[in-house]
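Numbering (this note's numbering), first residue to last: 8 to 256.
Heads up, the beta-carbon is just placed ideally off N, CA and C, and yes, glycines get one too.
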Ligand code: MF3
Ligand code: CO
């Protein structure tokens, strides 16, 4: 499938989608505390999306049963919000997507709940900065591999590993469009980034090794070695040659 470049008007709609997604994601972050049950986040999303007239992008996607992914500690991504309570010291990744006027926005953050270990806190900061490095690397004229190479060099330089089996993606009319956006690899690989491209960059960084396994629910992805993992994601557009972050409040 060829990469679809978005027009100026389409990017304006995606900017609204991104703002709404970021606002609701921030509301979820603000209510995290020990004792909060994962499912409560799903309930908030349903209510707040309805209020803003946007559609959950994840609900029903390949049968996914919720509006948001909640992945705790050694869980990397795609955790289904259930009856689990958050406890002091957890690191919680929240991934959210909405559809607004036919266009998708997708973003994620990892948050420390209460007193998190120094290692957990450092993992969160390194993963946040990995995403920043990827965003800075994304500009018109460079090859896509430059993004992943920047993320990998930084995260591995900090002593952590980058998940290989799950990657970022083009985004727009569909949640997952071409191209795939790996968080690792050769800088001189992949298509050349062009004005109007919209992609979701989403590094997943582990304290231990990069290998993953799937939970018995067939969705939740965990680190194979049981080490902590963090995940940050923004939807960005290449505008005037540079990355514009669309998923900001
Ligand atoms: N941000 C995730 C992704 O890009 C969201 C997908 S979760 C799903 O793949 F449940 F909808 F699959
Ligand atoms: Co995504």
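Member of the options whose CA lies at the smallest distance from the CA of residue i
i           : options               : result
residue 60  : 164, 105 and 129      : 105
residue 154 : 200, 80 and 163       : 200
residue 223 : 86, 197 and 158       : 86
residue 77  : 190, 90 and 212       : 90
residue 194 : 156, 8, 186 and 171   : 156
residue 95  : 121, 74, 233 and 51   : 121
residue 41  : 131, 72, 93 and 8     : 93
residue 52  : 70, 152 and 29        : 29
residue 248 : 9, 35, 48 and 145     : 145
residue 13  : 148, 159, 181 and 143 : 181
residue 4   : 64, 190, 230 and 75   : In this structure the chain extends from 8 to 256, so residue 4 is not present and cannot be described.
residue 211 : 198, 225 and 230      : 230
residue 158 : 45, 137, 172 and 218  : 137
Between the CA atoms of residue j and residue i - distance to the nearest angstrom
i           : j           : result
residue 192 : residue 125 : 29 Å
residue 167 : residue 119 : 18 Å
residue 140 : residue 130 : 15 Å
residue 294 : residue 15  : Outside the displayed span of the chain (8 to 256) sits residue 294, for which this structure offers no information.
residue 252 : residue 179 : 14 Å
residue 102 : residue 202 : 26 Å
residue 84  : residue 235 : 12 Å
residue 244 : residue 50  : 30 Å
residue 169 : residue 71  : 25 Å
Cutoff 9 Å: residue i Cβ touching any chain D Cβ
i          : result
residue 50 : No chain D is present in this structure, which holds just one protein chain.
One or two residues paired with residue i in a DSSP bridge
i           : result
residue 103 : 75 and 114
residue 236 : 213
residue 44  : 92
Next item on the list: Decide if the region 204-217 is in contact with the region 238-245; the criterion is three or more beta carbon pairs, one per stretch, under 8 Å apart.
Entry: yes
Note to self: Just to confirm the assignment: which complete beta strand (DSSP E) runs, minimum length 3, are found wholly within the region 56-86?
What the structure shows: 75-79 and 82-84
Next item on the list: May I ask you to verify whether the region 17-30 touches the region 95-110, counting CB pairs closer than 8 Å and requiring at least 3?
Entry: yes
Note to self: Going residue by residue through the region 129-206, where are the continuous alpha helix (DSSP H) segments of at least 4 residues, counting only ones entirely within it?
What the structure shows: 152-164
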